Amino acid sequence: MSFLEGFVQGIVLLGSVLGVVAYLTWFERKFSGRLQSRIGPYWVGRPHGWLQPIADGLKLLAKEDLTPLKGDGLLFNLAPVWVVVISFLGFAFLPFTSNWVLVNIDLGLLYFSAFGSLIVVGVFVAGWSSNNKYALISALRTAAQMVAYEIPLVLSLLVPAVLVGSLDFKDIVEAQREGWFVFFPFVGQVSILVFLLSALAEGNRIPFDLPEAESELVAGFSVEYSGMKFAYFYLGEYVHLLAVSLLTSILFLGGPDGPLFQGGIWVAIKTLAVFVGILWIRWSFLRLRIDQMMLLNWKFLTPLGLLNLLIAGLWASLNYT
Amino acid sequence: MRNNRISSVTLLKATILSLWLTMKNLFRRPVTVQYPATRRPIPERWRGGTFALTTDKETGEENCIGCKLCERICPSNVITVEMEKHSGRGWAKSFILDLQACIQCELCVQVCPTDAIVMVYGMETPVTRREDLILNKEKLMANEKLYPAAWARGLKLQQLHEPERGTEEKRGVVGK
Numbered sequence: 000m001s002f003l004e005g006f007v008q009g010i011v012l013l014g015s016v017l018g019v020v021a022y023l024t025w026f027e028r029k030f031s032g033r034l035q036s037r038i039g040p041y042w043v044g045r046p047h048g049w050l051q052p053i054a055d056g057l058k059l060l061a062k063e064d065l066t067p068l069k070g071d072g073l074l075f076n077l078a079p080v081w082v083v084v085i086s087f088l089g090f091a092f093l094p095f096t097s098n099w100v101l102v103n104i105d106l107g108l109l110y111f112s113a114f115g116s117l118i119v120v121g122v123f124v125a126g127w128s129s130n131n132k133y134a135l136i137s138a139l140r141t142a143a144q145m146v147a148y149e150i151p152l153v154l155s156l157l158v159p160a161v162l163v164g165s166l167d168f169k170d171i172v173e174a175q176r177e178g179w180f181v182f183f184p185f186v187g188q189v190s191i192l193v194f195l196l197s198a199l200a201e202g203n204r205i206p207f208d209l210p211e212a213e214s215e216l217v218a219g220f221s222v223e224y225s226g227m228k229f230a231y232f233y234l235g236e237y238v239h240l241l242a243v244s245l246l247t248s249i250l251f252l253g254g255p256d257g258p259l260f261q262g263g264i265w266v267a268i269k270t271l272a273v274f275v276g277i278l279w280i281r282w283s284f285l286r287l288r289i290d291q292m293m294l295l296n297w298k299f300l301t302p303l304g305l306l307n308l309l310i311a312g313l314w315a316s317l318n319y320t
Numbered sequence: 000m001r002n003n004r005i006s007s008v009t010l011l012k013a014t015i016l017s018l019w020l021t022m023k024n025l026f027r028r029p030v031t032v033q034y035p036a037t038r039r040p041i042p043e044r045w046r047g048g049t050f051a052l053t054t055d056k057e058t059g060e061e062n063c064i065g066c067k068l069c070e071r072i073c074p075s076n077v078i079t080v081e082m083e084k085h086s087g088r089g090w091a092k093s094f095i096l097d098l099q100a101c102i103q104c105e106l107c108v109q110v111c112p113t114d115a116i117v118m119v120y121g122m123e124t125p126v127t128r129r130e131d132l133i134l135n136k137e138k139l140m141a142n143e144k145l146y147p148a149a150w151a152r153g154l155k156l157q158q159l160h161e162p163e164r165g166t167e168e169k170r171g172v173v174g175k
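Here it is as structure tokens:
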């Protein structure tokens with residue numbers, strides 16, 4: 000792949016991810032509305048609110064862009080950029096169809112999880128440089144939460160890799176032609192459960208949205224942000240959410256494999272299904288307390304993930320030797 | 000902490016129940032009423048509009064006799080009436096009703112002995128300036144022509160409050 004070709008493909012990928020994320024926010028609002036017996040977006044682009052994401056974007060662009068005087072201006076402005084860039088970088092390694100991936104390397108899974116864990120730096124810096132007590136408390140919480148949940152997340156990500164014996168997404172997708180990992184007895188179900196729970200915590204979603212617990216911390220680390228910089232955090236969160244849904248469909252639900260036909264359509268369908276599940280969880284449960292959240296991680300998810308990985312490793316070693 | 004632990008069965012039940020509740024909503028029609036396009040019907044005995052001072056149907060004379068009963072009963076003291084007497088009866092020289100603090104309790108309508116003050120049947124009576132919320136006698140009289148009157152009227156409500164005429168047997172309170 001020449002440089003120009005790669006550049007063009009990258010731009011296309013970036014644009015399509017942005018477009019998909021914009022309409023994911025629309026879908027989330029519409030779906031949340033229905034879960035609560037409301038209608039959701041309606042007036043902008045009647046009768047389904049089709050133009051709502053564009054209206055939101057324009058509104059955020061027109062807002063005043065504030066930087067706190069007493070804060071650290073440089074870090075304050077860099078943090079949202081960091082969050083967005085890091086969230087997007089992970090997409091380069093994901094295979095959207097069985098034969099197309101932007102950056103084709105053997106260690107895709109490793110790179111993906113590495114970039115995923117770097118988001119916490121941006122969020123922490125945002126909270127720190129805001130010079131605001133709520134933002135700082137939220138930043139500390141975020142650091143504790145995201146670093147802690149990184150462990151079960153990676154433990155559950157490793158299970159498909161161990162079962163296949165490769166960190167390459169393509170190999171993992173290829174191996175699932177015989178059977179999706181979600182149907183793998185015990186190991187598959189446990190690892191998708193652990194993965195989804197810790198991914199929710201990583202993405203600061205309800206029921207783990209302690210970093211921006213509105214009732215305690217106003218808006219958490221983003222309390223001082225306004226306009227487009229705030230939108231960057233929002234964008235980063237949604238891109239992360241999309242990445243999580245995509246990753247679930249690729250690692251556990253067989254990716255482009257499916258009945259009747261094969262290809263990117265199945266990835267899209269499965270991704271949307273996972274996203275709907277995340278939304279459903281969002282409006283059904285309450286926010287956990289911080290100690291409960293930590294307890295869930297250290298006393299439940301991490302040991303379970305370790306045990307699961309051990310079983311998967313035993314199975315793999317018995318089958319490969 | 001340890002003593003008031005919830006059992007895992009209860010937790011699991013609650014988890015499934017909450018998921019079930021949200022899913023039930025998903026397959027239900029939204030309850031939202033798109034207000035300016037579709038309007039919910041106003042109940043027959045609606046209480047919540049602005050006020051009007053009525054005039055007699057036949058003679059066209061204003062009904063208010065300036066007795067100040069409404070001023071006395073108003074819980075938030077928003078009514079101020081001045082009385083004057085000529086041509087054999089009382090008149091309201093001025094009648095000021097400050098809607099800014101009105102709690103729409105309808106007590107002034109209930110006590111009115113001449114059906115003079117009534118509330119109007121309707122909820123879309125907004126104004127754009129705060130001065131417009133202080134209703135003087137001219138505005139109140141004009142409101143009678145502008146809006147239909149609500150169900151409640153002073154004499155009607157007083158009759159409802161009155162004990163039923165007749166013997167105690169008829170009212171069913173004998174031999175309690």
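Sequence order for the protein chains is A and B.
The opening residue of the first sequence carries number 0 in numbering that gives the first Met the number 0; numbering runs sequentially from there.
The opening residue of the second sequence carries number 0 in numbering that gives the first Met the number 0; numbering runs sequentially from there.
C-beta atoms are modelled at their ideal positions from N, C-alpha and C, and glycine is treated no differently.
As the structure is a computational prediction, the values presented were derived from the model and not from experiment.
On a CA-only basis, which of the options is nearest residue i? Give me that one, please.
{"i": "A91 (chain A)", "options": "A:E211, A:V100, A:V83", "result": "A:V100"}
{"i": "G32 (chain A)", "options": "B:C69, B:L68, B:M22", "result": "B:M22"}
{"i": "F185 (chain A)", "options": "A:V273, A:L162, A:N76", "result": "A:L162"}
{"i": "F194 (chain A)", "options": "A:F183, A:L216, A:S244", "result": "A:S244"}
{"i": "F182 (chain A)", "options": "A:S197, A:L196, A:P159", "result": "A:P159"}
{"i": "L23 (chain A)", "options": "A:M293, A:F251, A:V266, A:V275", "result": "A:V275"}
{"i": "L317 (chain A)", "options": "A:P46, A:G164, A:V83", "result": "A:G164"}
{"i": "A198 (chain A)", "options": "A:Y237, A:E177, A:S221, A:G178", "result": "A:Y237"}
{"i": "E4 (chain A)", "options": "A:V102, A:S15, A:D71", "result": "A:V102"}
{"i": "T301 (chain A)", "options": "A:Q8, A:G253, A:S190", "result": "A:S190"}
{"i": "L242 (chain A)", "options": "A:F260, A:V222, A:V266", "result": "Position check: residue 242 (chain A) holds Ala in this sequence, whereas Leu was assumed. Ranking the options by Cα distance to A242 (chain A), first place goes to A:V266."}
Taking all protein chains shown into account, do 16 or more other C-beta atoms lie within 10 angstroms of the C-beta of residue i, making it buried, or fewer, making it exposed?
{"i": "L65 (chain A)", "result": "exposed"}
{"i": "A200 (chain A)", "result": "buried"}
{"i": "I118 (chain A)", "result": "buried"}
{"i": "Q109 (chain B)", "result": "buried"}
{"i": "V80 (chain B)", "result": "buried"}
{"i": "W282 (chain A)", "result": "buried"}
{"i": "N142 (chain B)", "result": "buried"}
{"i": "S137 (chain A)", "result": "buried"}
{"i": "W19 (chain B)", "result": "exposed"}
{"i": "I102 (chain B)", "result": "exposed"}
{"i": "K175 (chain B)", "result": "Since pLDDT at K175 (chain B) reaches only 45, below the 50 mark, its modelled position is unreliable, and the value read off the structure follows with that caveat. Answer is exposed; the Cβ neighbour count stays below 16."}
{"i": "L216 (chain A)", "result": "buried"}
{"i": "D167 (chain A)", "result": "buried"}
{"i": "C111 (chain B)", "result": "buried"}
{"i": "M122 (chain B)", "result": "exposed"}
{"i": "Y133 (chain A)", "result": "buried"}
Whole angstroms are fine: how far does the CA of residue j sit from the CA of residue i?
{"i": "L34 (chain A)", "j": "W279 (chain A)", "result": "8 angstroms"}
{"i": "L139 (chain B)", "j": "G87 (chain B)", "result": "24 angstroms"}
{"i": "A13 (chain B)", "j": "L285 (chain A)", "result": "11 angstroms"}
{"i": "V124 (chain A)", "j": "G235 (chain A)", "result": "15 angstroms"}
{"i": "F180 (chain A)", "j": "L271 (chain A)", "result": "18 angstroms"}
{"i": "C73 (chain B)", "j": "A148 (chain B)", "result": "20 angstroms"}
{"i": "V82 (chain A)", "j": "K29 (chain A)", "result": "26 angstroms"}
{"i": "V122 (chain A)", "j": "W45 (chain B)", "result": "53 angstroms"}
{"i": "G312 (chain A)", "j": "G115 (chain A)", "result": "24 angstroms"}
{"i": "L294 (chain A)", "j": "V30 (chain B)", "result": "39 angstroms"}
{"i": "G65 (chain B)", "j": "A115 (chain B)", "result": "10 angstroms"}
{"i": "V77 (chain B)", "j": "P42 (chain B)", "result": "26 angstroms"}
{"i": "E130 (chain B)", "j": "D97 (chain B)", "result": "9 angstroms"}
{"i": "R288 (chain A)", "j": "I205 (chain A)", "result": "12 angstroms"}
{"i": "G253 (chain A)", "j": "L305 (chain A)", "result": "23 angstroms"}
{"i": "F2 (chain A)", "j": "L12 (chain A)", "result": "15 angstroms"}
{"i": "K92 (chain B)", "j": "E83 (chain B)", "result": "6 angstroms"}
{"i": "C63 (chain B)", "j": "T113 (chain B)", "result": "7 angstroms"}
{"i": "E57 (chain B)", "j": "I133 (chain B)", "result": "29 angstroms"}
{"i": "G153 (chain B)", "j": "P125 (chain B)", "result": "25 angstroms"}
{"i": "A174 (chain A)", "j": "S214 (chain A)", "result": "46 angstroms"}
{"i": "L303 (chain A)", "j": "I310 (chain A)", "result": "11 angstroms"}
{"i": "F260 (chain A)", "j": "I268 (chain A)", "result": "13 angstroms"}
{"i": "I104 (chain A)", "j": "S86 (chain A)", "result": "19 angstroms"}
{"i": "L17 (chain A)", "j": "L11 (chain B)", "result": "38 angstroms"}
{"i": "I277 (chain A)", "j": "Y34 (chain B)", "result": "31 angstroms"}
Report back the beta-carbon spacing between residue i and residue j to the nearest angstrom; my notes put them in contact at under 8 angstroms.
{"i": "E60 (chain B)", "j": "L52 (chain B)", "result": "Not quite, the Cβ-Cβ distance comes to about 12 angstroms (not below 8 angstroms), so this is no contact."}
{"i": "G70 (chain A)", "j": "E223 (chain A)", "result": "7 angstroms"}
{"i": "V172 (chain A)", "j": "I249 (chain A)", "result": "6 angstroms"}
{"i": "G187 (chain A)", "j": "F251 (chain A)", "result": "7 angstroms"}
{"i": "V119 (chain B)", "j": "T49 (chain B)", "result": "6 angstroms"}
For residue i, return the contacting residues in chain E, with the cut-off set at a CB-CB distance below 9 angstroms.
{"i": "G32 (chain A)", "result": "Judged by its chain identifiers, the structure shown contains no chain E, and its protein chains are A and B."}
(request) Please confirm if the stretch 123-133 of chain A is in contact with the stretch 150-157 of chain A, defined as three or more CB-CB distances below 8 angstroms between the two stretches. (result) No, because fewer than three Cβ pairs between the stretch 123-133 of chain A and the stretch 150-157 of chain A fall closer than 8 angstroms, the two stretches do not touch.
(request) May I ask you to verify whether the stretch 222-242 of chain A touches the stretch 65-80 of chain A, counting CB pairs closer than 8 angstroms and requiring at least 3? (result) A contact exists between the stretch 222-242 of chain A and the stretch 65-80 of chain A.
(message) Does the stretch 203-212 of chain A come into contact with the stretch 133-144 of chain A, if we say contact requires no fewer than three beta-carbon pairs (one atom in each stretch) closer than 8 angstroms?
(response) Yes, since at least three Cβ pairs between the stretch 203-212 of chain A and the stretch 133-144 of chain A fall closer than 8 angstroms, the two stretches touch.
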